[in-house]
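As given, the protein sequences belong to chains A and B, one line each in that order.
Per the working numbering, the first sequence runs over residues -16 to 546.
Per the working numbering, the second sequence runs over residues 423 to 1114.
Take a look at the structure set out below.
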Amino acid sequence: MTTHDLLQILLYFTLLIALTPILGNYMYRIFTGDRPPLGLYLGKLENLTYRFAGIDSHKQSDWKSYTLDLLYFNLTGLVVLMLMQLFQAHLPLNPAGLPNVKWDSACNTAVSFVTSTNWQGYAGETTLSNFVQMVGLTVQNFVSAATGMAVLLVLIRGLMNKCNHGLGNFWVDLTRITLYVLLPLSILYALVLIGQGVIQNFHPNLAYQTVEGVNQVIPQGPVASQIAIKQLGTNGGGFFNANSAHPFENPTPFSNFLEMLALLLIPAALTYTYGKMVGSVRQGWTLFTAMLLMLLVGLCLSLYAEYSPNPISGKLPLMEGKELRFGISNSVLWSTATSAASNGSVIAMHDSLSPLSGMVAMINIMLGEVIFGGVGAGLYGMVIFVLLTVFIAGLMVGRTPEYLGKKIQKFEIQMAMVAVLAPNLIILLFSAWACLSNQGLTSLNNAGPHGLSEILYAYSSAAGNNGSAFAGLNANTLFYNVTLGIGMLIGRFGILVPVLAIAGSLAGKNKTPSSSGTFQTDNWLFVGLLIAVILIVGGLTHFPALALGPIADHLLLNNGITF
Amino acid sequence: MSSKQNIGLFNRKLAYQATIDSFSKLNPAQLIKNPVIFVVAMGALLTSLIVVSDLYHHSYSAFNLNISLWLWFTVLFANFSEAIAEGRGKAQAESLRNNRTHTTARRITGESETLVNATDLKKGEIVICEAGDLIPSDGEVIEGIASVDESAITGESAPVIRESGGDRSAVTGGTKVISDRILIRITTEAGNTFIDRMIALVEGAKRQKTPNEIALSILISGLTIVFLLAVATLPAFFAYSLNASHLPLSGNLTLPVLTALLVCLIPTTIGGLLSAIGISGMDRLLQRNVIATSGRAIEAAGDVDVLLLDKTGTITLGNRMATNFIPEEGVSVEELADAAQFSSLSDETPEGRSIVVLAKEKFNLRGREVHPINATFIPFTAQSKMSGVDYCSEDGSLHRIRKGSFESIRGFVQHNNGYYSRHIQEIVTRLAQQGATPLVVAEDEKVLGVIHLKDIVKGGIKQRFAELRKMGIRTVMITGDNSLTAAAIAAEAGVDDFMAEATPEDKLRRIREEQANGHLVGMIGDGTNDAPALAQADIGIAMNTGTQAAREAGNMVDLDSNPTKLIEVVEVGKQLLMTRGSLTTFSIANDIAKYFAILPAIAVTLYPGKNGMGVLSAFNIMHLGSPQSAILSAVIFNALIIVMLIPLALKGVRYKPVSANVALARNLAIFGIGGIVAPFVGIKLIDLFINL
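As structure tokens, then:
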């Protein structure tokens, strides 16, 4: 590892920390009713949207009708996206003349983009038309991210309301988040990326004959616009199969740095927004600190593993599967950040990472995608763990546990446990099924513990709505398309709905003013406790499986045994 | 008094009964109420069946038998903890009830009187009690006045007066009338008296779980499901790994091993002790002579952050005391003290006695000879608002000494053609501003001076309030005094706030305001007019001497009628919650060591490395003897830790009035760090012992 690598990592985290309050404050203003600098024009657009869609923007929903609106919207998105794929041959903007998509793959992809997972069982450029990519996928990239943020907003309102069940209006939240946060940021990002050389056109694929005389087809398309939101909205679904390792998606070291920053930008800034909205910036920084510490520990472990000589070849550096243009440090930083952020875009093949850094990526997902996590989703997942921590540790101060003045009681714990159970259920049950069935095992490329890691990673990625793949596993089969699809749905809505329910329950409660008898949730001790609870709940659940997968893989490698 | 005596933690008789109960609690209908322990019991049953089926097929595995036995022990230990807590609580409540079970009551219907069993009495019926009778059930005096010996429930031997009307009309079943005759209307159905309700609260089978206990049960049940999933899917991952290591599938995990792993991982420690903790919380309350009418109340007690405290009796000693004599110009202080003492000699009020004592202490006055012939004591009357003495001096002239409020003494001296000076009025005003009560003394036409009567703040109460403040609890003093007096006492006692000239309606309004701001309010009261406030408060403690209405409105009854009890009740509530949290943390922290014991043991053959051992043996950092002894040690530790923690569950974690941060840091160090380390040590020791 060179000084240059270290400096770059340092710069990366400095910028992340510096941008958090800036963007966080901007979002705070938007979420509390302000309009951005260009508000006059966008405001007209906002009002027009409401009038066009027939939305009463002043209507407040309780948690149940908010949830229904949200589910209705997502279901519609799912159906539309699926239909687009099933009939893409008959739709415009299909210069390459791609055929209709098979039903199980279309279903998987639709679920994947609606749930903000962006798992891609297909190769983008050879499967989907520009129309589907733009009108289908990119739209879902925006609204699935906005959905996650809207749920977070409801949770915050639930925490702040005093005996008041009005939790906002889904349509207004969706419109404002998209219009004032995601769109301006994406346009800005897309413009910079185009400046760096990311393509944005509607040309048909270019056919060339190389100097070796081989015919090559070079796909074209509106890439920059999709990449911007793909990175910012923790979506991760690439235009090209190679994802961000493709030079048209990620041409220069600068674009690489920007795209890496975009992975964590909004989730990190949201912690600040959260703190500001709940009335204490410290509360936000506390969660940020817990997330950052876990991320850094994982990153260090990954870097250590990648910079250690391979026990078998004894050689350094290990370049297999890495992004050769940007080097090991960038590949590892990206893999850690993308798995933590529930993004799932990749520049290196996670399958080829050393067992330990592969495990770090897997653990980042298995812990519930709360290390920054998806936009909105990461933070509301984190708040679930906060509630559990407050409940377990808060009892030790001799009071009914409370968080931000809200008593944490039966219903909240019930819902929190559902949210914790849902993704773990998927990971464990489906992985076990895959291990026992032929359909599951025939897709494997690797034998030995690494094969188990591939299966575990796939279901973790689905349940955590991450979308990155360990590769090595051919997941575009009926078995995997269906099970992963179910996994993504449960991983998304199995957490999202309980969170909304918790918000509804909290909203109806009074707020206990804080005193010296209150369990403090904004100090270092709490950071430690929170991390401990996340590690213990996540760790104890998955430790046996991890031991048989990546850990055994690592130990065997040290023993010089491969498969 | 029976409940005052401390029942030893493992009193032999109780332990014997509890042991029997641990077996009768194996009844599935009862086990299912505790999901964690139910899962253990199912595991025990399953492993037992495997042992039996093995025997049937002429094979025998000592390991399986051991696992099965220790799983049963785990269940029994958990049952035992509940049974012993229940036994202790019942023993204490039972001794209260015993008195009453064989009582007969004289029931009045119309004109006739019939003898009935106390247990057959119905609500609304009227009974008569005369000297020597035991009061058959809780009720209200509707006619007459009597002195009642309540030592059976309060331990206080001095009899108390119970009379119809007013604030002292409630009587408790099991207490004894020692004089006079009263008519009592029964206010509770048989089997629903306070003591009956208390007994129901400590009886495991009938006990309603409290809200926080339910939430905690959900958490640990949720964790149980998580671990059930982790363990249930393990054979699949094992099958894959066995295949990959080219080992036969027959080497897959056996059911006893999986069960052992599951039981070690699920939070059995807290699951086993949870109900014992709840019951013993009730029990500790009972030891303090407080009867809770719901389990919810004791939990809420820990949450209370505003205490409404009556000034009199809680913050100040019940009565004002003389603290100083201030003479009129031209009068010596001894002269004033002498007159004040003489006028108070037969004044049996606490104020009067305090004047005698003060004069004695300050000026060594022993009191004049009191000759009944020439001294007549004039008692205080509501009309005169004075008391004093008339006496004949040696020269035969009649003198009158009076003490009383300044208005009445002014009238008295002016009536005698005396002069009430401006100087005296200044003293009176000054004392009143300090929150004291000035008592003016005059002899015939001459004002002698002023006695400074003061509310005496209880010793140590200021420090107590400081402790409460540290715990984040605000104290509000309630008094009927004017705000000047109230402010002075409030400052002296160190309360955070006060309400002067408070009416019952004010109290109720204050409670509602505090609650609207998110506070939980605790108060203690006795009168009928306190009933609405007691009902509104989150914790309403009614004094046993109070009215039936007050006792019904509150959610606790303090048998000692001691107003400072409120503070102790809060402490019991906090201790209960702390104990739950601490043992939950301990239980979860234990899992780390158990993984390190069991995982390398079960994976010992998988993926053999260079040394021929499975590579995952690297996790065997405790260097446990053999895979089987490792698993067994973890299971044994898991069972024994329940027994070892029973005393803690019954007594509660050590409680100190400190801030939340300090309490958290301390409990975390003991139960968090301790919970991680203890099983490493424990499992290693058990393993060494097994492999001896």
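For every residue, glycine included, the Cβ atom is placed at its ideal position computed from N, Cα and C.
Measuring C-alpha to C-alpha distances from threonine 469/B to each of Gln937/B, Leu487/B, Ala858/B, Ser830/B identifies Leu487/B as the nearest. By the rule that beta-carbons nearer than 7 Å mark a contact, alanine 445/A does not touch chain B. With the criterion set as a beta carbon lying under 9 Å from some beta carbon of chain A, the members of the segment 1000 to 1011 of chain B are Met1000, Thr1001, Arg1002, Gly1003, Ser1004, Thr1006, Thr1007, Ile1010, Ala1011, in sequence order.
Listed in chain order, the positions of the segment 1069 to 1089 of chain B with a beta carbon within less than 8 Å of a beta carbon of chain A are Tyr1077, Ser1081, Ala1082, Asn1083, Ala1085, Leu1086, Ala1087, Asn1089. Contact annotation: aspartate 505/A and arginine 265/A have beta-carbon atoms nearer than 7 Å.
Within its own chain, the residues whose Cβ lies closer than 8 Å to the Cβ of leucine 461/A, once the five positions on either side in sequence are excluded, are Asp87, Gln422, listed in chain order. Methionine 1066/B counts as exposed, since fewer than 16 other C-beta atoms from the protein chains shown sit within 10 angstroms of its C-beta. With a cutoff of 7 Å on beta-carbon distance, proline 384/A and glycine 940/B are scored as not near each other. Secondary structure note for lysine 1016/B: its alpha helix (DSSP H) is the uninterrupted segment 987 to 1024. About 16 Å separates the beta carbons of alanine 762/B and valine 835/B, which is beyond the 8 Å limit, so they are not a contact pair.
As the crow flies, the alpha-carbon of glycine 377/A is around 8 Å from that of leucine 1086/B. The beta-carbon distance between glycine 561/B and threonine 609/B, rounded to whole angstroms, is 5 Å. This is short enough to meet the 8 Å contact definition. Fewer than three beta-carbon pairs drawn from the segment 44 to 64 of chain A and the segment 298 to 308 of chain A are found closer than 8 Å, and the two stretches are therefore not classed as touching. Among the CB atoms of chain B, one or more fall inside 7 Å of the CB of leucine 531/A. Closest in alpha carbon position to phenylalanine 828/B, among Ile550/B, Ser815/B, Leu853/B, Asp817/B, is Leu853/B.
In the DSSP assignment, asparagine 198/A falls within the beta strand (DSSP E) that extends over 198 to 201. Considered as a whole, the segment 210 to 297 of chain A harbours 236 to 260, 264 to 290 as its complete alpha helix (DSSP H) runs of no fewer than 4 residues, in chain order.
Residue pairing by DSSP places glutamine 183/A opposite Pro205/A in a beta bridge.
Identification of chain A residues near leucine 641/B by a Cβ-Cβ cut-off of 7 Å yields Phe374, Ile396, Met400, ordered along the chain. Isoleucine 961/B and valine 726/B have their C-alpha atoms spaced approximately 8 Å apart.
With respect to the 7 Å criterion, glycine 474/A and asparagine 448/A are classified as neighbours on the basis of their beta carbons. In this structure, leucine 246/A and alanine 320/A form a Cβ contact; the two beta carbons are roughly 5 Å apart against a cut-off of 8 Å.
In this structure, the straight-line span from the alpha carbon of isoleucine 989/B to that of glycine 26/A is close to 57 Å. Under the Cβ criterion (8 Å, minimum of three pairs), the segment 224 to 242 of chain A does not count as touching the segment 193 to 200 of chain A. Going by DSSP, serine 95/A is part of the alpha helix (DSSP H) stretching over 86 to 97.
Chain A places a beta carbon closer than 7 Å to that of glycine 894/B, counting this residue as a contact. The C-beta separation of valine 462/B from threonine 715/B comes to about 34 Å, leaving the pair out of contact by the 8 Å criterion.
Annotation: Cβ neighbours of phenylalanine 526/A in chain B (cutoff 9 Å, chain order): Ala652, Tyr1017, Leu1021. In the DSSP annotation of this structure, glutamine 392/A is not part of any alpha helix (DSSP H), being labelled neither H nor E.
Separation of isoleucine 295/A and asparagine 665/B (C-alpha to C-alpha, rounded to the nearest whole angstrom) is 23 Å. Cβ proximity to chain A below 8 Å picks out Leu1028, Tyr1029, Gly1031, Lys1032, Val1037, Leu1038 from the segment 1028 to 1039 of chain B. Within the segment 1043 to 1056 of chain B, no residue has a Cβ lying closer than 9 Å to any Cβ of chain A. DSSP places serine 488/A in the uninterrupted alpha helix (DSSP H) bounded by 461 to 490. Here histidine 874/B is bridged, per DSSP, to Asn746/B, Pro860/B.
Taken in chain order, the complete alpha helix (DSSP H) segments of 4 residues or longer contained in the segment 384 to 437 of chain A are 393 to 419, 421 to 424. Valine 458/B sits away from isoleucine 701/B, with the two beta carbons spaced by 7 Å or more.
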